[in-house]
Amino acid sequence: MAGGAFVSEGSGGGSYEGGVTGFVIMTCIVAAMGGLLFGYDLGISGGVTSMEEFLSKFFPEVDRQMHNARRETAYCKFDNQLLQLFTSSLYLAALVSSFAASAVTRKYGRKISMFVGGVAFLIGSLFNAFATNVAMLIIGRLLLGVGVGFANQSTPVYLSEMAPAKIRGALNIGFQMAITIGILIANLINYGTSQMARNGWRVSLGLAAVPAVVMVIGSFVLPDTPNSMLERGKYEQAREMLQKIRGADNVDEEFQDLCDACESAKKVEHPWKNIFQEAKYRPALVFCSMIPFFQQFTGINVIMFYAPVLFKTLGFADDASLISAVITGVVNVVSTLVSIYAVDRYGRRLLFLEGGIQMIICQIIVGSLIGAKFGTTGSGTLTPATANWVLAFICIYVAGFAWSWGPLGWLVPSEICPLEVRPAGQAINVSVNMFFTFLIGQFFLTMLCHMKFGLFYFFGGMVLIMTIFIYFLFPETKGVPIEEMGRVWKAHPFWKRYVPDDAVIGGSGETYVKEGISQQDLRICRREEEKKNEEWKL
Ligand code: BGC
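Using the numbering used here, the first residue of the sequence shown is number 120, and each one after it goes up by one.
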């Protein structure tokens, strides 16, 4: 997701002919739609679940709970499994469908996956907009989840394969940027529709259909990627397509690299078995599973999913809750820009560590402010001044996330896996992320009910653990070509024991290519292409 499936083959790239063409710009627009849709779905549910009309129609129990004086604590106002399922079900469907999506993407191409994703989004948003009962709502959310699974599997891959290598890295964070913009748009729309006398929630949920339609149309109009054509044995067409998208006749070098990468990827027989069993892949396995797990336990989706509900729980008025969500949305977008600027200048470690410390401090302060004023019974009230401080520290916390674990949670796993286990590493990253996103979505309101303000200390504690984890175990990967990653592990006091000396040379497919070990084998692709040309001439 969020750029999680980015393929950054080869490190050469810079010397290829051709540049940013109209095609490339079109692909960026479509890819942005994929990110926007994901962000929109992340951001829209919180505002909708805080709307009275929506609650009384679908979740009358929660509505009663909200007004029930006997309910002993305000922390539990929204504690309802079905309501949480409305938010979380999407991520469960995304988790399951991303496995199907990776098979479809490989076998039938990226465009088909984008088409399936767009259609699922479209039908899902219609189900939601016209829902008359909870079942329709949940079915709609599940379909949106299928859309997320397919779109997030295919669009980042599509994008990175179409884009010239020199802008590939920036595009990786660009996808995260599109997500944050999607969240912000959702927050703004929720604010707008909450002013409508009736059915505002239908408009909020239904508007997801707009980018979905763009994505469906895009999947028809846009060409398939050269990589995907090669994967399916269409050599001649792949070359022509590369010439077209690069706007250059001489694309020999890049085409040969694509062929090489394609061939060496085909040679990998058991990527799953390898990543789990071979010691030299231990660092990749650990980071591809721990980074998404930790990313979700920063507690960010408490804010992204439930900010309006949380603010309402704390006694903010309806309007103020939705405006506060817009404010956190703006901070999220702007701080992601900071990350784009800083990630290759100051490195990943600095961002991880600084962002972590910033989040811990904010979580302790927010927990303490709420605890002091709101107590354990939730019967107190926040004064306007305290409420403003809570909002301010939540914003500083969101900023810390948005320039550290937000983008890095997707960037790092995509850049540390050697080519031969990269798809497996990406799949682990995406599924672990979706699984824990689901858990947070499903249980946050229940956790808030039981742990009260202590919940903020809990997430603060988790961020402390992950910051220590990064400090001791994560070596800087800034500016390290993927094929050199073995050296980074070998130089690390902990990871060196897992990485045998020869892995430093043969740590990845690209290195084999560089060392010339299997150069001859890797020319098969070119020969195949020539054979096809001959046949064609006959
Ligand atoms: C995370 C999402 C989160 C978003 C917030 C992403 O990197 O994976 O779970 O909602 O950032 O911007």
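For each residue, glycine too, the CB sits at the ideal point set by N, CA and C.
Asked	Found
Three-state secondary structure assigned by DSSP to Thr500	coil
Heavy atom of the ligand BGC within 7 Å of Ala521 beta-carbon	yes
Whole-angstrom distance between Ile394 and Glu539, CA atom to CA atom	9 Å
Endpoints, the alpha helix (DSSP H) within which Val340 is located	328 to 340
Inter-residue spacing [alpha-carbon to alpha-carbon] between Leu456 and Phe520	12 Å
Glu629 to Ala380 span [Cα, whole Å]	Because the pLDDT at Glu629 is just 39, under 50, the model does not fix this residue reliably, and the value given afterwards should be weighed accordingly. In a straight line, the C-alpha of Glu629 is about 8 Å away from that of Ala380.
Distance between beta carbons of Val223 and Val235, contact taken as under 8 Å	7 Å
At least three beta-carbon pairs within less than 8 Å, the segment 323 to 332 to the segment 245 to 255	yes
Cβ distance (whole Å) where Met423 is taken to contact Leu161 below 8 Å	5 Å
Close-in-space but distant-in-sequence residues of the same chain around Val607 (CB under 6 Å, 5 per side omitted)	Pro594, Val599
Residue span of the alpha helix (DSSP H) that contains Ser523, given as start and end	Segment: none, Ser523 is in no alpha helix (DSSP H) and carries neither H nor E.
Three-state secondary structure (DSSP) of His736	With the chain covering 120 to 657 only, the question about residue 736 has no answer from this structure.
Span separating the alpha-carbon of Arg401 from that of Ala426	37 Å
Separation of Ser458 from Lys571, as counted between CA atoms	32 Å
beta-carbon Leu161 near the ligand BGC non-hydrogen atom, thresh 7 Å	yes
Minimum C-alpha distance to Ile242 - residue among Met255, Val428, Thr556, Phe613	Met255
Beta-carbon proximity check, Met334 vs Tyr277, cutoff 8 Å	no
C-beta atoms of Thr676 and Tyr194 nearer than 8 Å	Nothing about residue 676 can be reported from this structure: the residues present for the chain run from 120 to 657 only.
For Trp655, the three-state DSSP class (helix, strand or coil)	Legend: pLDDT at Trp655 = 46, less than 50; position of this residue unreliable, no value from coordinates given.
Proximity test, Gly525 beta-carbon vs the ligand BGC heavy atom, cut-off 7 Å	yes
Gly268 beta carbon less than 8 Å from that of Ala212	yes
C-alpha gap between Lys230 and Ser347, whole angstroms	9 Å
Candidates Phe578, Tyr159, Ile364: closest to Gly141 by CA position	Ile364
Phe471 burial status per 10 Å Cβ neighbour count (16 or more: buried)	buried
Assumed close pair Gly474, Trp522 - CB separation to whole angstroms, cut-off 8 Å	6 Å
Gln396, buried or exposed, once every other Cβ within 10 Å from all chains shown has been counted against 16	exposed
Proximity of Trp320 and Met566 at Cβ, strictly below 8 Å	no
Own chain, CB closer than 6 Å to Tyr576, minus 5 neighbours either side, in chain order	Gly486
Cβ neighbours of Arg358 in the same chain (closer than 8 Å, five flanking residues each side left out)	Pro345, Val370, Phe374, Glu648
Euclidean distance between Cα positions of Gly573 and Asn548	29 Å
Heavy atom of the ligand BGC within 7 Å of Ile446 beta-carbon	no
His569 - DSSP class collapsed to helix/strand/coil	helix
CB of Gln477 within 8 Å of CB of Phe578, strictly	no
Alpha-carbon to alpha-carbon, Thr168 and Tyr310	13 Å
Under 8 Å between C-beta atoms of Leu155 and Pro330	yes
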